[in-house]
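Per this note's numbering, the sequence shown starts with residue 1164, numbered consecutively.
Don't be surprised by glycine CBs; every beta carbon is placed ideally from N, CA and C.
All values derive from a computational prediction rather than experimental measurement.
Here's the structure, in structure tokens; my notes come after.
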Amino acid sequence: MKILQIVNIGHEAGGAEKSVRLIADGLGARGHRIHVVATDLLAEGREVFADHLVPAITGTAPRRFARKLFYKRAHRQVSGVVRDFAPDCVHLHTIGEFSPAVLDATARTRRVLTVHGPEDWTRDLLRWNLPSAPDGRLSPADTARYAYLRYVQRPAYLPRLRRLDRVLAPSAYFAAAVRPDVGPRVPVHVLPNGVPGTVAAQPLVELDHVLYVGRLERVKGVDVLLEGFARLGRGRLTVVGDGPDRARLEALAGPRVTFTGWQAADAVARHLVGASVVAVPSVWPENFPTVALEALRTGRPLVASRVGGLPELVGDDNGALFPAGDVAALAAVLDRLLGDGETLARMGAASAARAHRYTVEVFLDGLERHYEEVVGE
């Protein structure tokens, strides 16, 4: 089959982009023809895997406002790619940087959309697009922004989304969250992401090493992790990643905390092997985070917030859940696990056992089945 993948960013900035790269490489190896369309947002200095780039939305505030409602350049370029490539199916991923225009440009093809996170049209998750959401109460600026998203941006998407052929969500939580948005006609299916690499519980190197991997922004709850870890008075914490909150977080960190900045995939894999526990302390509803899947594959226990799709990946067998934002509960969990080699090894083995559900082969098999069903319809 010929499959066109569409995603906001054309390099591996996060989980959505990693998934698209995995799909392109994996299905290409299976004999399918895959093209990827992305915008050039944040592309400078990065390894871009997209085949076609659309200039990101720029300009004055009124111009950006208008383009977010309908970006003519995106419509023209995506329409051209669809015409020239003639795909059997279009797979949409993150699309906010293209505006609803991308849905018009692909309207004459069979289409699947994967929901990777809160989007401009996801009503129940909409507030998590706003910086002050972790505070529990939106700032005046974010309140105005929320009104714009809810009553201007979202209505521009909904009639177009309700003409899709199928929606996929990596977690049951997100599938339930988006069903009211796409309406009763569009079927919504759960298809968990896959993670590349061999599944094996790696031997523990240390018993008191906590690892965080991800963006450094407020919704990720790294400040909760720093405060909870500080209460232990022992062990060490490594924070892998970068983002707008890094300077503030470094100022909060004690001497037993190391910030590495952004790391390539092979370096992240080494950090996972050296960890005793992998922490996912998010305060926003995570969908199906890649780092959690990588922790499972490596055979590492997970300590995670009880939000979003995380309870679908973490249970009493392979880690522990705590209430999002609860510093004391997080500290208690870490205190119980760190240093207990027997428990860490048992939970690590359980993580590796869970990882067999989320291999690349299982993921690609499921994706091919969905494409075939949609094209067959």
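For a minimum of 4 consecutive residues, which ranges assigned as the alpha helix (DSSP H) are wholly contained in the region 1472-1509?
With a minimum length of 4 residues, the continuous alpha helix (DSSP H) runs that stay inside the region 1472-1509 are 1490-1500.
Kindly indicate the opening and closing residues of the beta strand (DSSP E) around GLY1194.
Per DSSP, GLY1194 belongs to no beta strand (DSSP E) and is neither H nor E.
Between the C-alpha atoms of VAL1420 and HIS1434, what's the straight-line distance to the nearest angstrom?
14 Å
Rounded to whole angstroms, how far is the Cβ of GLY1346 from the Cβ of ARG1378, which I believe are closer than 8 Å?
About 32 Å separates the two Cβ atoms, so there is no contact after all.
Got a sec? Which residues, its chain only, sit under 6 Å from ARG1209 by beta carbon, not counting five neighbours each side?
Taking C-beta separations shorter than 6 Å and ignoring five residues to either side along the sequence, the partners of ARG1209 in its chain run HIS1174, following chain order.
Kindly list the residues whose CB is nearer than 7 Å to the CB of ALA1319, restricted to its own chain and excluding five residues on each side of it in sequence; keep chain order.
Taken in chain order, the residues that qualify are LEU1232 and PRO1263.
Give the DSSP-derived three-state secondary structure of ALA1364 in the structure shown.
DSSP places ALA1364 in the coil class of the three-state scheme, outside both helix and strand.
Distance check for LEU1412 and ALA1492, CA to CA, integer angstroms please.
Between ALA1492 and LEU1412, the C-alpha separation is close to 20 Å.
Could you check whether LEU1255 and ILE1169 sit closer than 8 Å to each other, using their CB atoms as the reference points?
Contact: yes.
Reducing DSSP to helix, strand and coil, say where GLY1357 ends up.
coil
Look at the alpha carbon of PHE1392 and the alpha carbon of GLY1504, and state the distance between them as a whole number of angstroms.
19 Å
Do the region 1461-1480 and the region 1440-1451 meet, that is, are 3 or more Cβ pairs less than 8 Å apart?
Judged by Cβ distances under 8 Å, the region 1461-1480 makes contact with the region 1440-1451, as three or more pairs qualify.
Pick helix, strand or coil for VAL1200, following the three-state DSSP scheme.
Looking at VAL1200 - three-state DSSP - the assignment turns out to be strand.
Counting along the chain, where does the alpha helix (DSSP H) carrying VAL1278 start and finish?
First-last for VAL1278: undefined, no H or E at that position.
From this set, LEU1501, GLU1207, PHE1261 and GLY1178, which residue's C-alpha is nearest VAL1104's C-alpha?
Nothing can be reported for residue 1104: it is not among the residues displayed for the chain, which extend from 1164 to 1540.
Roughly how many angstroms separate the alpha carbons of GLY1360 and GLY1529, rounded to a whole number?
Rounded to whole angstroms, the gap between the alpha carbons of GLY1360 and GLY1529 is 18 Å.
Counting only runs of 4+ residues fully inside the region 1249-1317, write out the alpha helix (DSSP H) ranges in chain order.
1264-1268 and 1303-1311
Using a Cβ-Cβ cutoff of less than 7 Å, which residues in the same chain neighbour VAL1542 once the five nearest sequence positions on both sides are dropped?
For the chain, the structure presents residues 1164 to 1540; residue 1542 sits outside this window and is missing.
Going by C-alpha distance, which of ALA1363, ILE1186 and LEU1321 is nearest GLU1282?
LEU1321
Write down the C-beta distance between ARG1313 and LEU1289 rounded to the nearest angstrom, noting that I regard them as a contact closer than 8 Å.
About 6 Å; that satisfies the 8 Å criterion.
For the beta strand (DSSP E) holding GLY1424, just list the boundary residues, first then last.
1420-1424
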